[in-house]
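Note that my numbering has the sequence shown beginning at -16, numbered continuously upward.
Yeah, the Cβ is synthetic: ideal placement off N, Cα and C, and Gly gets one too.
Just below is one structure, and these are the notes that go with it.
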Amino acid sequence: MNFEIIELTREQEQAISEIENAVFSVPFQREQIKFSLNDKKHKKLFGVLFEDKLVGYIEMQEILGEAEVNRMAVLSSFRGKQLGKELLARGLEFAKERNCEICFLEVRKNNSVARNLYESFGFEPVGERKDYYTLPTDDAIIYKKFLR
Ligand SMILES: CC(C)(COP(=O)(O)OP(=O)(O)OC[C@H]1O[C@@H](n2cnc3c(N)ncnc32)[C@H](O)[C@@H]1OP(=O)(O)O)[C@@H](O)C(=O)NCCC(=O)NCCS
């Protein structure tokens, strides 16, 4: 299958929203997605296209030399095809382009698939936030990775 990684713009706002609604119990709302797409100073969103359809995306943030993975999702029927890896690799490339020394992220404690992915990229757990997530309630694990 032919996939392509692209930078996302306002054109993909609707498609991002559809992924959010399909994947997350507490999806980002349209206003939040619009805000991220417009915040060119701190944020960058990358997507993966299959036959012109957006099937996954990642939202990166950079503030004062610190990067963060704010969000990442692949539609369920496209999982297990290394697209998550491609997106994360592109996101970390962006962080390096912005000269970040470190990247953080938060993930649900029971999300073993995402945790495996992050750990395979060298992210290390550095903290926990009790009951951070809702629907269902879950702790957050904070991960960090040095980029240099
Ligand atoms: C997390 C997510 C983005 C991974 O996307 P994906 O395209 O399926 O991931 P990949 O195919 O690139 O797999 C990357 C790694 O994830 C892990 N992984 C993927 N599927 C897995 C599974 N079913 N069980 C365990 N680990 C798995 C593995 O470490 C895998 O590496 P490997 O293929 O070398 O073993 C996707 O599962 C998803 O959208 N989940 C729901 C939203 C979410 O949890 N987002 C992250 C938190 S915000």
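Query	Result
Secondary structure of VAL9, DSSP reduced to three states	coil
Local conformation of ARG62 per DSSP, three classes	coil
Any non-hydrogen atom of ligand 1 closer than 7 angstroms to GLN65 Cβ	yes
Nearest-angstrom Cα separation, counted from ALA56 out to THR117	18 angstroms
Backbone secondary structure at PHE106 - three-state DSSP	coil
Extent of the continuous beta strand (DSSP E) run through ASP121	121 to 129
C-alpha gap between ASN93 and PRO119, whole angstroms	11 angstroms
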